[in-house]
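For reference, each letter of the sequence shown is one residue, going 776 to 1061 in this note's numbering.
Glycine residues also receive a C-beta, built at the ideal position from the N, C-alpha and C atoms.
What follows is one structure encoded as structure tokens, with my remarks underneath.
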Amino acid sequence: MPHPVESLRIGLGHADGLVSPSQVILDDWRDVVPGYIWPNYPPQEAYENLVHRSAGAPDAIFSYDMTDPEKPLVVLTERKGSENDIVIGWGGSISHVDSFYYSGVVDGLIKLMEENPRVVFKFCGNEDRLDFLFREFPKDRFVRQPGVSADHWPQVVASFDIGIAPMDMRVVEDNTGAGNDGYSYDERRSALKLVEYVCAGVPFVATDCAPYKELGRFGKLTENGADNWYKALKSRVDGLDHFREEAAKNRKWAMKRLTQEANAEKLIQLYIRIGEETQAKRGMKM
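Below, the structure is given as structure tokens:
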């Protein structure tokens, strides 16, 4: 067992419970600590009053006027000539490089762009290690949205016509001794990307993987590979009006079920359960 994993095992052995949005992670450590699933949920306030980009409207880029660093002002700059663009978008942390490199989504996007001049890809964040891939896109079809605050992120999501959630599906060892080796590193992530898309009312295409099984029904799941990504994205582009309507309906459902506020009482009950089960186990050991 690698030293960092062994250190984590020792630390978790002192815990009464492990709370994670990933069932795969809980299974990794099932022999060390009791696991409790808890999905990631966004705050309701951030998503309830979103302004969606309507069909035929120009796309805009978020930035900040930092004249007063204590009170930065949001600046929205329309992209020239973007009125008829179909914006396929993604944003996230710097840990997703392999998700793009190994999923085939970039080649799938390139093929779609070559046949449909309206399709552009908006990449949100300051990650630059994928630039060598993005340079393969047709000219002027790649748009970079700089990083924004968490408060403004939902509005960026709402600017997408279609959201994507690629995952790297190369299987890795769990290294915990649990024998939970049939999953990739990315399958130990949460479903937050899909939660954000559904709460924002954005149609999506995502890699068919463990964390996305439950919410996949609200969009399109695909096996990895350039052709698979191309076909899945093309299906959303060709039926965009229909999928926008479906996403708007799904958003109403999500705002009642997938926000922090909608699940606050359940979280309280989860911690009560952890406490009760811990006390029961301690009583049995006395």
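Excluding sequence positions up to five before and after S857, its CB lies within less than 6 angstroms of the CB of P833, D834, all in the same chain and listed in chain order. Each residue's CA atom was taken as its position, placing A933 and Q1035 some 19 angstroms apart. Taking C-beta atoms under 8 angstroms as the contact rule, Y958 and L969 fail to qualify, at a distance of about 18 angstroms.
For I812, the uninterrupted beta strand (DSSP E) run begins and ends at 810-812, by DSSP. With fewer than 16 other CB atoms across the displayed protein chains lying within 10 angstroms of its CB, E820 is exposed. Secondary structure note for F909: its alpha helix (DSSP H) is the uninterrupted segment 906-909. Measuring C-alpha to C-alpha distances from V947 to each of G810, A940, G938, Y960 identifies Y960 as the nearest. For L851, same chain residues with a beta-carbon under 7 angstroms away, outside a window of 5 residues either side, are A835, F837 in chain order. In the structure shown, W928 falls within a helical segment according to DSSP collapsed to helix, strand and coil.
With contacts defined by Cβ atoms closer than 8 angstroms, G952 and W865 do not form a contacting pair.
Residue burial is scored here from C-beta neighbours: Q920 has at least 16 other C-beta atoms within 10 angstroms and is therefore classed as buried. Of the other Cβ atoms in all chains shown, fewer than 16 fall within 10 Å of the Cβ of W1028; this residue is therefore exposed.
Excluding residues up to 5 positions away in sequence, S934 lie with their Cβ nearer than 6 angstroms to the Cβ of R828 in the same chain. Around the beta carbon of M841, fewer than 16 other beta carbons sit within 10 angstroms, so the residue counts as exposed.
Linking T997 to R1057 through their CA atoms gives a straight-line distance of about 46 angstroms.
DSSP, reduced to helix, strand and coil, places C974 within a helical segment of the structure shown. Closest in alpha carbon position to A830, among E1020, K1031, A790, is E1020. In this structure, R1026 keeps its C-beta atom at 8 angstroms or more from the C-beta atom of A966. In the pairwise beta carbon analysis, the segment 1038-1057 is classified as touching the segment 790-802: at least three pairs are separated by under 8 angstroms.
Cβ neighbours of R963 within its own chain (closer than 6 angstroms, five residues either side excluded): S797, V799, I800. Residue pairing for S959: DSSP places it in a beta bridge opposite V946.
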